[in-house]
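To start, the structure under review is shown below, and the notes come after it.
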Amino acid sequence: MESLRGGNQLAVKKVVVIHVPFHNAGWVEDVNGGAQSIWYDMNGSGPAEVWSDGKLVHATWHQGTAGQNYFDNTTQPMVFTDEAGNLLRLNTGLSWVHVVGDGQTS
């Protein structure tokens, strides 16, 4: 990993990748040459990978109700379950969470 300005290496405790449905949001952020905006459907559930303590866990993310507007769900945190359906308890410390649209290529 690259060093930060102070010369210290960036260290994260866990990396989480969540896969979500997505669609064209219907607008362009920058009308002077910008691309169409993408809307990521962050309510419902879907596959995820959690890397922590040198191990990979194939997980499922859960948040709100599928089809619900993301901004209608402001009181429920995202949670993760393992392949057996058990709640994952993530380590404390710096986390990177990356959202990938299902089937997204660019």
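Be aware that the sequence shown starts at 1, since it is given in the working numbering, and climbs by one per residue.
Just so you know, even glycine gets a beta-carbon here, dropped at the ideal spot from N, CA and C.
- Looking only at 77, 23 and 24, the smallest Cα-Cα distance to residue 61 is reached by 77.
- Residue burial annotation: residue 38 is exposed, with fewer than 16 other C-beta atoms found within 10 angstroms of its C-beta.
- The Cβ atoms of residue 16 and residue 95 sit closer than 8 Å to each other.
- In this structure, DSSP gives residue 14 an extended state, which the three-state scheme calls strand.
- In the three-state reduction of the DSSP assignment, residue 31 falls in the coil class.
- Spatial neighbours of residue 19 in its own chain (CB-CB distance under 6 Å, excluding positions within 5 residues in sequence) are listed in chain order as 46, 47, 100 and 102.
- Separation of residue 66 and residue 89 (C-alpha to C-alpha, rounded to the nearest whole angstrom) is 23 Å.
- Nearest C-alpha to residue 83 among 75, 50 and 40: 50.
- Contact check for residue 85 against residue 64 fails: the beta carbons are separated by 8 Å or more.
- Taking C-alpha positions only, residue 56 is separated from residue 81 by approximately 13 Å.
- The DSSP-derived three-state label of residue 24 is strand.
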